[in-house]
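Residue numbers (full-length UniProt numbering), protein chains in the order written: chain V, 1 to 383; chain B, 1 to 600. Please read the structure below before turning to the comments.
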Ligand SMILES: Nc1nc2c(ncn2[C@@H]2O[C@H](COP(=O)(O)OP(=O)(O)OP(=O)(O)O)[C@@H](O)[C@H]2O)c(=O)[nH]1
Ligand code: SF4
Ligand SMILES: [Mg+2]
């Protein structure tokens, strides 16, 4: 039973050079067709994973702030009919902070969006140009201002650990970001993803990514500053006032079910992993053919699910309840985490136990991937 | 059977790459042993590795029929022998089967160390030696200078040396005529009891073990009950024949002839090179001279990268051994590498070849531990023992003395590289015996401890002389040495696969080099890793790998779970190829690369 749905809108005005999301640039989009198709895809999921009221809905992309507010409204109306809305339902939409989009914020709020996640990315014009963004700093701040007036909850994204970025520069930028008083911030280190333009640039030595050591220093600085400002990290890159965490994203990290509809959307439904066709056109024709856009639906074994739960859950400051996990997947605790490693890395200060919860410490977070490789037994991961 | 006077048995001796195999090809081609189409390049090099590396590993033989200018048709038996020192014993048996030799010298390179070593061996066998100056087509060829060198260095009359270009087919008829006219026919008595030398043996999937023989006296026939005098076993001959180079069955092999037999033998091990074959009943009583048990000179451990492949390794080694009885193996259990085998080899090239064949023909990923030689320990209680594996080193206080094998090395080099070569030998504890100049070349003779040579001496020699120096050696026995066991500790834990016996004077530089190398080879971990070289409790070198600071996926939402899991899967797969010491994962490449101390 899913209590969270994710809706993917795959279109952007331009492709950002660092972006490896399922985003596409198209001259025109047939809104009527997309509406029918998204509704069909949604109904299909509701049939399989309905029955409980929704606690969160997330419009991601791509750039969902380019969706006509009427389409957003129509989708929400359908979701309410299919699942019903739990009290306090969180409805988030990702938005880019251009003036055109900001003009839509009021209608989006009226359509039912109650949380906005703004892709500000930087407060510096030069950096925004480097990141290939279509807005400048002034426009970004203006959009933030409107958003804070229109939505009860607002978060925004920044990208840091950029080439040549010093602790001084980041400290100033982050301090300014914290001064706006949003109750949530997503602060991502720039990573060079395969297949992006940045990957090509790096290969051709057009720029050099920041080294791991200074990046690790910036990571620590970020955690210190946000904590001091009352927005501690509750996940690797996410910071919130206690109680203002993204409920939808917590669903992923706590490894609960969610429906994913629209191109490229992933979902977890019981022991099934679902994935929709990535390319918008392929997804459309799949929906036309089958009344849903699913490309693959595969069974996950209990060990696979347990490893997913661990690699998601340990990203959270709250960690993972090993006893609960063991019960949920019927796997003995000693087979979830290699006991000798747990002892070793506790001694070294990378993890700690709090009751039944295994928690990655401040020292462990910046090397979480390596840590997972050490802690999670091969039997859970390698088939 | 061929009349003795019409038989010529000869080998071709040459330094590596001087064109021995190519010349053999030409001889086969000209005498019609193979049609042009059948003649792949270097037909006698059968193994994939031989063709790829262009070197001869197993001795090969071929029978040629040649109608000479005197109108008579001769049976020529040609042996293409390996050129590398590791196989010196096989070479010596091949030489013992012949009455003469073609001495092939590269017209551009001139006489090299191996030329010398082999030619002296050939002279010891009372061979008639026909100098052949090959590669005269090369622009750098200086045949007159090479002739002078042959006379001066070897003391052979080179005035009627044959000039050839094996590659372009020049001088081949002349070589054949020289063989017939200058090499004496074999001797032997058909009426004496059978006496034949086992020159070589190998495993053929269709025929079983095939044995190459040279009949000295008597006749070899199908149906005979034969006896191996050293091996002590009796077998029934079921095939007799020769190679042309394809197999041709014959009714019999008479005295003086070289050919093959099969006798329902299952393992090459039973057919020992150099053994004397006679009849089970009424055979000869005296064996042929010169037989030696093959002895492993270099040892190393071979372990599967993936511990699960151990059974496969066991099976593969067993199969390979069917084909090559000259390496030994016994099971070994290493603290961190798990189960594997301690293997003994004739030398470093032999080690590399076996390792490569296992990897290639049997599709195995292997970790090879540091090669080591055999030490003899005399204990304080007066007993002695052999040490094949540094990991088995007893408590030093119980050891009275340690002896190590020494070699006599002959190095031949253009004299501009002499300085650096002398320094290399000196650094490796060498003792100079002799230094002579011939023209622009120098010949140095050194006594060297074998353990200084097994690592990378040959590679170093090649690199400092830009490939021009050549090297040959013979073993000269054991000598006492101030030897110590050096351990490598990673994160304070000894890595058994990297421990080695070194001379005290070499411990510091070698320890330092190994630590530095490992520092580059072991990836950063979440914690600082000290790497130390130690003798007993005393640390003689140290390096530190700093801790990894960042390794985390910045963004990870619902859609990324599968991707992230793939990453973790890969990470885990990668770990399978690593070994754990003191919580540190060491990639298998590190073991191999750490021991390749080339840039020391
Ligand atoms: N230019 C030229 N090259 C030659 C001649 N004869 C042989 N070669 C080349 O020299 C290289 C070595 O020849 P091989 O016949 O494999 O030498 P080898 O003496 O059998 O070498 P090992 O078996 O390793 O001892 C090959 O690349 C041949 O093509 C020649 O007459 N002229
Ligand atoms: S706007 Fe967002 S989704 Fe679109 S290309 Fe840029 S980063 Fe990617
Ligand atoms: Mg050859």
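Even glycine gets a Cβ: it sits at the ideal position worked out from N, Cα and C.
Quick one: what's got a C-beta closer than 6 angstroms to residue 474 of chain B's C-beta in the same chain, skipping five residues either side? Stepping through the second chain from its first residue, residue 474 of chain B is reached at position 474. Taken in chain order, the residues that qualify are 408.
Using 8 angstroms as the limit for Cβ to Cβ distance, is residue 308 of chain V near chain D? Reference to chain D is not applicable here, since the protein chains of this structure are V and B.
Tell me, which residues are paired with residue 601 of chain B by DSSP? No answer is possible for residue 601 of chain B: the residues shown for chain B start at 1 and end at 600.
Against chain B, which members of the region 224-252 of chain V pass a CB distance test of less than 7 angstroms? 236, 237, 249 and 252
Ligand 5 heavy atoms versus the CB of residue 118 of chain B: any closer than 7 angstroms? Absence of ligand 5 from the depicted structure is noted, with ligand 1, ligand 2 and ligand 3 being the only ligands included.
Name, in chain order, the residues that DSSP records as bridge partners for residue 608 of chain B. The displayed coordinates of chain B run from 1 to 600. Any statement about residue 608 of chain B would go beyond what the structure contains.
Within 8 angstroms (strictly less), CB to CB, does residue 121 of chain V reach chain B? In the first chain, residue 121 of chain V corresponds to position 121, counting from 1. For residue 121 of chain V, the answer is no, since every Cβ of chain B falls outside 8 angstroms of its Cβ.
Which residues in the same chain have their Cβ closer than 6 angstroms to the Cβ of residue 593 of chain B, if we skip the five residues on either side of it in sequence? Along the second chain, read from residue 1 onward, the residue named residue 593 of chain B stands at position 593. Excluding sequence neighbours, residue 593 of chain B sits near 521.
Since residue 55 of chain V meets chain B, which of its residues come closer than 7 angstroms, beta carbon to beta carbon? In the first chain, residue 55 of chain V corresponds to position 55, counting from 1. Within chain B, no residue comes near residue 55 of chain V; the closest Cβ sits about 14 angstroms away, beyond 7 angstroms.
Excluding the 5 residues flanking residue 478 of chain B on each side, which residues of the same chain have their C-beta closer than 8 angstroms to its C-beta? By one-based count along the second chain, residue 478 of chain B stands at place 478. Cβ neighbours of residue 478 of chain B beyond the five flanking positions: 376, 403, 404, 405 and 406.
Flag residue 550 of chain B as yes when its Cβ comes closer than 7 angstroms to any non-hydrogen atom of ligand 2, and as no otherwise. Taking the first residue of the second chain as position 1, residue 550 of chain B is located at position 550. False, no ligand heavy atom lies under 7 angstroms from that Cβ.
Using a Cβ-based criterion (distance less than 7 angstroms to any ligand heavy atom), does residue 166 of chain B qualify as near ligand 1? If you number the second chain from 1, residue 166 of chain B lands on position 166. Within the cutoff, so yes.
Using a Cβ cut-off of 8 angstroms (strictly closer), state whether residue 177 of chain V contacts chain B. Looking up residue 177 of chain V in the first chain gives position 177. No, no contact with chain B.
Beta-carbon of residue 222 of chain V versus every beta-carbon of chain B: anything under 8 angstroms? Position 222 of the first chain, counting from 1, holds the residue named residue 222 of chain V. With 8 angstroms as the cut-off, residue 222 of chain V does not count as an interface residue toward chain B.
Going by DSSP in three states, residue 557 of chain B sits in which element: helix, strand or coil? One-based indexing of the second chain puts residue 557 of chain B at position 557. Reduced to three states, the DSSP call for residue 557 of chain B is coil.
Secondary structure, alpha helix (DSSP H): runs of 4+ residues fully inside the region 45-106 of chain V: 69-82 and 99-102
Distance check for residue 413 of chain B and residue 151 of chain B, CA to CA, integer angstroms please. The count along the second chain starts at 1 and reaches residue 151 of chain B at position 151. The count along the second chain starts at 1 and reaches residue 413 of chain B at position 413. Roughly 18 angstroms separates the two Cα atoms.
Give every residue of the same chain whose Cβ lies closer than 8 angstroms to the Cβ of residue 108 of chain B, excluding the five residues on either side of it in the sequence, and list them in chain order. Working through the second chain from its first residue, we reach residue 108 of chain B at position 108. Contacts found: 135, 138, 140, 141 and 142.
Take residue 40 of chain V and list the residues in its own chain whose beta-carbon comes closer than 7 angstroms to its own, dropping the five residues that flank it on each side. Residue 40 of chain V sits at position 40 when you count from the first residue of the first chain. 287, 291 and 292.
Does the beta-carbon of residue 196 of chain V, which I'm using as the reference point, lie nearer than 7 angstroms to any heavy atom of ligand 2? Reading the first chain from its first residue, position 196 is the one you call residue 196 of chain V. Flag unset: Cβ of residue 196 of chain V not near ligand 2.
Could you please tell me which residues of the region 523-552 of chain B, in chain order, have their CB closer than 8 angstroms to any CB of chain V? For the region 523-552 of chain B, residues whose beta-carbon sits nearer than 8 angstroms to a beta-carbon of chain V comprise 525, 526, 527, 548, 549, 550, 551 and 552.
Find the residues of chain V that neighbour residue 120 of chain B, judging by a C-beta separation of less than 9 angstroms, and give them in chain order. Position 120 of the second chain holds residue 120 of chain B. Those within 9 angstroms of residue 120 of chain B in chain V number zero; the least Cβ separation is about 58 angstroms.
Give the interface partners of residue 6 of chain V over in chain B, defined as CB-CB distance under 9 angstroms, in chain order. Here residue 6 of chain V is taken as the residue at index 6 of the first chain, counted from 1. The contacting residues are 557, 558 and 559.
Can we count residue 462 of chain B as close to ligand 1, meaning its CB is less than 7 angstroms from some heavy atom? Within the second chain, numbered from 1, the residue matching residue 462 of chain B stands at position 462. Checking every heavy atom of ligand 1 against the Cβ of residue 462 of chain B, none is found closer than 7 angstroms.
Quick one: is residue 315 of chain V near chain B, going by C-beta distance under 8 angstroms? Along the first chain, read from residue 1 onward, the residue named residue 315 of chain V stands at position 315. Yes - at least one Cβ of chain B is within 8 angstroms of the one on residue 315 of chain V.
What are the partner residues of residue 189 of chain V, as DSSP defines its beta bridges? Walking along the first chain from the start, residue 189 of chain V turns up at place 189. V/160.
Unbroken stretches of the beta strand (DSSP E), 3 residues or longer, contained in the region 211-280 of chain B: 225-228, 234-236, 239-243, 247-249, 258-262 and 276-279
Note down the Cα distance separating residue 411 of chain B from residue 90 of chain B, rounded to an integer number of angstroms. Position 411 of the second chain, counted from the first residue, corresponds to residue 411 of chain B. Position 90 of the second chain, counted from the first residue, corresponds to residue 90 of chain B. Taking the straight line joining both Cα atoms gives about 22 angstroms.
On the DSSP letters alone, give me the boundaries of the beta strand (DSSP E) that residue 10 of chain B sits inside. Looking up residue 10 of chain B in the second chain gives position 10. Where residue 10 of chain B is concerned, the enclosing beta strand (DSSP E) stretches over 7-14.
Can you tell me which of the three DSSP states residue 212 of chain V falls into? The residue given as residue 212 of chain V occupies position 212 in the first chain. The answer is helix: DSSP assigns residue 212 of chain V an H, G or I state.
Any heavy atom of ligand 2 inside 7 angstroms of the beta-carbon of residue 96 of chain V? Here the question's residue 96 of chain V lines up with position 96 in the first chain. Result yes, Cβ under 7 angstroms from ligand 2.
Backbone secondary structure at residue 342 of chain B - three-state DSSP: Working through the second chain from its first residue, we reach residue 342 of chain B at position 342. DSSP places residue 342 of chain B in strand when its eight states are reduced to three.
Taking only beta-carbon atoms, is residue 489 of chain B less than 8 angstroms away from chain V? Within the second chain, numbered from 1, the residue matching residue 489 of chain B stands at position 489. No, because no Cβ of chain V sits closer than 8 angstroms to the Cβ of residue 489 of chain B.
Consider the Cβ of residue 565 of chain B: report whether some Cβ of chain V lies at a distance smaller than 8 angstroms. Stepping through the second chain from its first residue, residue 565 of chain B is reached at position 565. Interface residue, yes.
Is residue 227 of chain B buried or exposed, if buried means 16 or more other CB atoms sit within 10 Å of its CB? The count along the second chain starts at 1 and reaches residue 227 of chain B at position 227. When all chains shown are included, residue 227 of chain B counts as buried.
Meets three-Cβ-pair contact criterion under 8 angstroms: the region 178-190 of chain B and the region 272-291 of chain B: Contact fails: fewer than three Cβ-Cβ distances are below 8 angstroms.
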